[in-house]
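Number of protein chains: 2
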Amino acid sequence: MATGRTHRPATRSRGIPEATVARLPLYLRALTALSERSVPTVSSEELAAAAGVNSAKLRKDFSYLGSYGTRGVGYDVEYLVYQISRELGLTQDWPVVIVGIGNLGAALANYGGFASRGFRVAALIDADPAMAGKPVAGIPVQHTDDLEKIIEDNGVSIGVIATPAGAAQQVCDRLVAAGVTSILNFAPTVLAVPDGVDVRKVDLSIELQILAFHEQRKAGEEAGPDGAAPTAATRKESTDQGPEGDVPAVMPA
Amino acid sequence: MATGRTHRPATRSRGIPEATVARLPLYLRALTALSERSVPTVSSEELAAAAGVNSAKLRKDFSYLGSYGTRGVGYDVEYLVYQISRELGLTQDWPVVIVGIGNLGAALANYGGFASRGFRVAALIDADPAMAGKPVAGIPVQHTDDLEKIIEDNGVSIGVIATPAGAAQQVCDRLVAAGVTSILNFAPTVLAVPDGVDVRKVDLSIELQILAFHEQRKAGEEAGPDGAAPTAATRKESTDQGPEGDVPAVMPA
DNA sequence: CCATCTTTGTGCACGCGTTCACAAAGACAT
DNA sequence: ATGTCTTTGTGAACGCGTGCACAAAGATGG
Chain A
1 MATGRTHRPA TRSRGIPEAT VARLPLYLRA LTALSERSVP TVSSEELAAA AGVNSAKLRK
61 DFSYLGSYGT RGVGYDVEYL VYQISRELGL TQDWPVVIVG IGNLGAALAN YGGFASRGFR
121 VAALIDADPA MAGKPVAGIP VQHTDDLEKI IEDNGVSIGV IATPAGAAQQ VCDRLVAAGV
181 TSILNFAPTV LAVPDGVDVR KVDLSIELQI LAFHEQRKAG EEAGPDGAAP TAATRKESTD
241 QGPEGDVPAV MPA
Chain B
1 MATGRTHRPA TRSRGIPEAT VARLPLYLRA LTALSERSVP TVSSEELAAA AGVNSAKLRK
61 DFSYLGSYGT RGVGYDVEYL VYQISRELGL TQDWPVVIVG IGNLGAALAN YGGFASRGFR
121 VAALIDADPA MAGKPVAGIP VQHTDDLEKI IEDNGVSIGV IATPAGAAQQ VCDRLVAAGV
181 TSILNFAPTV LAVPDGVDVR KVDLSIELQI LAFHEQRKAG EEAGPDGAAP TAATRKESTD
241 QGPEGDVPAV MPA
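Those protein sequences? They're chains A and B, same order as listed. Sequential numbering from 1 applies to the first sequence in the UniProt record's numbering. Sequential numbering from 1 applies to the second sequence in the UniProt record's numbering.
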């Protein structure tokens with residue numbers, strides 16, 4: 001996974017643990033694959049293997065949704081697909097806007113995994129006037145000026161931010177003011193949002209840094225124990241933090 | 001966040017909790033921003049606010065690294081930047097290969113956040129012969145046939161998979177066989193890897209599904225309680241699982 | 001040198017999530 | 001109808017992560 005939730009106060013919604021919710025899409029994917037193969041039923045053991053989780057965990061997860069299995073047999077694939085889809089809210093259509101149509105934003109617009117799960121890209125928005133009208137993934141890019149109108153006209157409640165870090169908070173504020181209550185943030189910034197607004201963050205460089213940590217540990221300990229700690233004045237030289245700024249990540253204090 | 005770790009057995013490396021490791025890049029980013037502003041010291045309260053976490057949590061996190069603060073004053077920014085960078089392994093250069101240069105792969109290749117953190121894109125690899133030699137982000141794409149040689153020649157230990165789901169496991173196997181021990185997976189598939197190999201998964205559609213769940217709950221309960229549960233034969237119609245297949249996500253059982 | 005004030009570092013308790021292990025439930029054969 | 005066999009659903013124990021609250025440590029001023 002990437003970097004997970006942002007300060008959700010563990011608000012176990014209707015008794016379904018957050019950790020369980022995060023796994024439901026995983027189960028759904030495995031079940032969908034089974035459905036395509038016309039597999040009628042599946043045991044918790046098999047499904048758990050396909051989803052890469054413990055079978056006891058899977059059974060407990062499902063128990064939060066209800067008793068949908070049959071002892072001695074397993075789970076009805078089609079039925080479970082429906083139940084999980086409904087629980088996740090995928091039986092309805094979710095219009096989504098993507099703000100910031102750079103490399104990443106364009107890739108997201110082209111990403112098939114959205115539309116296939118009931119998420120409809122209602123609009124692409126960018127601050128660059130030169131982009132306006134230019135079609136990306138078959139959808140014409142609109143200018144940031146019209147953001148509020150776009151949100152309102154399309155009844156958008158989910159926004160995706162793929163802008164540079166410097167613009168993210170401002171875009172976020174406008175999205176929230178216009179009525180968006182769920183945000184998927186790809187910009188490397190901590191977003192401040194009012195209560196009632198959900199933010200999930202995907203940070204590519206953070207994922208790599210976590211991998212690097214474990215990688216170092218695996219490679220580790222034999223070469224260079226790096227004994228003498230440098231003084232406070234010593235600056236590391238390898239990690240020159242380049243452009244691509246997270247400049248506005250810190251408040252003026 | 002995206003979808004986090006995959007089946008790491010909570011192997012608290014050298015006493016540093018996994019949850020703490022996941023936050024270190026966050027602190028590092030906030031600290032780097034402070035460093036650029038030439039702020040000399042910062043209190044746990046200020047830094048916690050900038051990173052969007054609890055100050056007690058931040059102090060406990062830092063306590064795992066050592067006693068780097070000064071009571072009554074706070075933390076030396078430069079010193080802390082160095083210590084965290086070293087702990088994360090960012091003081092060394094990490095050559096990375098990206099496999100699968102489609103929309104997403106190309107966006108990743110162009111992403112500035114990698115190079116700025118000590119991650120160097122050593123090679124771009126794609127299975128399409130038509131892509132071979134074509135430069136993306138200034139780097140010529142190479143064919144999958146040369147994957148093993150590329151890994152070996154460049155001493156790559158971190159691989160990024162941005163292929164379609166159907167190709168992911170196969171690419172993963174080849175990467176691992178060639179010596180890669182850390183994988184960042186963007187393909188919507190559960191990857192099977194031998195012990196000792198770390199996999200982190202970033203799944204865009206899963207993030208949206210989690211948001212949709214909470215969104216449904218927020219919008220919730222007033223409209224359509226949807227009482228009568230459909231029979232097992234009833235198939236939901238809205239979420240027609242389209243193309244963009246996660247076909248090979250499930251084993252033949 | 002002493003008092004005061006700020007801020008760290010951490011002991012402790014609590015809650016969530018995971019896992020084990022097993023009883024209950026149903027299918028299926030006889 | 002009864003017994004056997006498979007698999008679910010869950011009670012209970014455990015471990016990790018979080019947050020409170022405070023004592024220890026050092027800076028700073030008199």
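We put the CB at the ideal spot given by N, CA and C, even for glycine.
Am I right that E207 of chain B and L184 of chain A are in contact with their C-beta atoms under 8 Å? What's the rounded C-beta distance? With a Cβ gap of about 5 Å, E207 of chain B and L184 of chain A count as contacting.
Excluding sequence positions up to five away, which residues of its chain have a Cβ less than 8 Å from the Cβ of V65 of chain B? Looking at the sequence provided, one finds Leu at residue 65 of chain B rather than Val. Non-local C-beta neighbours of L65 of chain B in its own chain, meaning closer than 8 Å and more than five positions away in sequence, comprise I16, Q83, I84, E87, ordered along the chain.
Determine the burial state of A19 of chain B: buried for a count of at least 16 other Cβ atoms within 10 Å of its Cβ, exposed for fewer. When all chains shown are included, A19 of chain B counts as exposed.
For a quick check, are the C-beta atoms of D61 of chain B and R23 of chain B less than 7 Å apart? Yes, the Cβ-Cβ distance between D61 of chain B and R23 of chain B is below 7 Å.
In chain B, which residues lie with their C-beta within 8 Å of the C-beta of I150 of chain A? Residues of chain B passing the Cβ test: none, with the nearest at roughly 18 Å.
Beta-carbon proximity list for G74 of chain A, same chain, < 6 Å, skipping 5 on both sides: Take G74 of chain A, set aside five residues on each side of it, and the residues of its chain with a beta-carbon closer than 6 Å to its own are T41, V42, S43, in chain order.
Residues from the region 87 to 113 of chain B in contact with chain A, defined by Cβ distance under 9 Å: Cβ contacts with chain A come from E87, L88, G89, L90, T91, Q92, D93, W94, V96, G102, N103, L104, G105, A106, A107, L108, A109, N110, Y111, G112, G113.
Nearest-angstrom Cα distance between T163 of chain B and K218 of chain B? A straight-line Cα-Cα distance of about 35 Å links T163 of chain B and K218 of chain B.
In terms of residues, what are the limits of the alpha helix (DSSP H) holding F119 of chain A? For F119 of chain A, no alpha helix (DSSP H) run applies; the uninterrupted beta strand (DSSP E) run containing it begins and ends at 119 to 126, by DSSP.
Where does L24 of chain A sit, in a helix, a strand or coil, going by DSSP? Here DSSP, grouped into helix, strand and coil, assigns L24 of chain A to helix.
Just checking: is the beta-carbon of Q170 of chain A within a distance shorter than 7 Å of some beta-carbon in chain B? Answer no: the Cβ-Cβ gap between Q170 of chain A and chain B never drops below 7 Å.
Presumed contact (8 Å Cβ cut-off) between R120 of chain B and P140 of chain B, rounded CB distance: Incorrect: roughly 15 Å between the Cβ atoms, too far for contact.
On the CB-based measure, 16 or more other CB atoms within 10 Å of its CB, does R71 of chain B come out buried or exposed? Only exposed fits R71 of chain B, as fewer than 16 other CB atoms lie within 10 angstroms of its CB.
Beta-carbon within less than 6 Å of A51 of chain B's beta-carbon, same chain only, minus the 5 sequence neighbours each way: which residues are those? Closer than 6 Å at Cβ, skipping near neighbours: L26, Y27, A30.
Check the DSSP bridge columns for G100 of chain A and list the partner residues they point to. None, per the DSSP bridge assignment.
Through-space distance from D203 of chain B to P188 of chain B, alpha-carbon basis: So the alpha carbons of these two residues sit roughly 6 Å apart.
Note the first and the last residue of the continuous alpha helix (DSSP H) segment covering K57 of chain A. Where K57 of chain A is concerned, the enclosing alpha helix (DSSP H) stretches over 55 to 65.
Per-residue contacts from E207 of chain B into chain A (C-beta, under 7 Å): By Cβ distance, chain A contributes L184, R200, V202.
Start and end of the alpha helix (DSSP H) containing L80 of chain A? Here the alpha helix (DSSP H) through L80 of chain A covers 77 to 88.
Would A177 of chain B count as contacting chain A if we go by Cβ distances under 7 Å? Answer no: the Cβ-Cβ gap between A177 of chain B and chain A never drops below 7 Å.
For S116 of chain A, count the other beta carbons within 10 Å of its own beta carbon; 16 or more makes it buried, fewer makes it exposed. Which is it? It is buried - the Cβ of S116 of chain A has at least 16 other Cβ atoms within 10 Å.
The alpha helix (DSSP H) that contains V176 of chain B, what's its start and end? It spans 165 to 178 - the alpha helix (DSSP H) in which V176 of chain B sits, taken as one unbroken run.
Between the CA atoms of G159 of chain A and A192 of chain B - distance to the nearest angstrom: Roughly 33 Å between the two C-alpha positions.
Beta-carbon spacing of V77 of chain A, V39 of chain A below 7 Å: It is a contact, given that the beta carbons lie within the stated cut-off.
One question on the structure: do I125 of chain A and L147 of chain A come within less than 7 Å of each other, judged by their Cβ atoms? One thing to note: I125 of chain A has its Cβ within 7 Å of the Cβ of L147 of chain A.
Among the candidates A:E215, A:A123, A:A212, whose CA atom is the shortest distance from the CA of A137 of chain A? The shortest C-alpha to C-alpha distance from A137 of chain A to any of A:E215, A:A123, A:A212 is the one to A:A123.
Are the C-beta of L80 of chain B and some C-beta of chain A separated by less than 7 Å? Not one chain A Cβ lies under 7 Å of L80 of chain B.
Quick one: list the residues of chain A neighbouring T181 of chain B, beta-carbon separation under 8 Å, in chain order. Near T181 of chain B (Cβ distances below 8 Å), the residues of chain A are E215, K218.
Keeping to the same chain, check which residues put their C-beta closer than 7 Å to that of V199 of chain A; ignore five residues upstream and five downstream. These residues qualify, in order along the chain: T6, I183, N185, L191, V193.
Would you mind stating whether S157 of chain A and E46 of chain B have Cβ atoms separated by less than 7 Å? In terms of Cβ geometry, S157 of chain A and E46 of chain B do not form a close pair [threshold 7 Å].
Per DSSP, P140 of chain A is paired with what? Within the DSSP secondary-structure output, P140 of chain A pairs in a beta bridge with A:P135.
Straight-line Cα distance separating N110 of chain B from C172 of chain B: The C-alpha of N110 of chain B is placed about 22 Å away from the C-alpha of C172 of chain B.
Cβ of V141 of chain A less than 7 Å from any chain B Cβ? By this cut-off, V141 of chain A is not an interface position.
A212 of chain B classed as buried or exposed, judged by whether at least 16 other C-beta atoms fall within 10 angstroms: By the Cβ neighbour-count rule, A212 of chain B is buried, with 16 or more other Cβ atoms within 10 Å of its own.
What residue range is occupied by the uninterrupted beta strand (DSSP E) comprising G196 of chain A? Looking at the DSSP string, G196 of chain A is not in any beta strand (DSSP E), and its letter there is neither H nor E.
Specify the secondary structure class of G155 of chain A as computed by DSSP and reduced to three states. Three-state DSSP puts G155 of chain A in coil, outside helix and strand.
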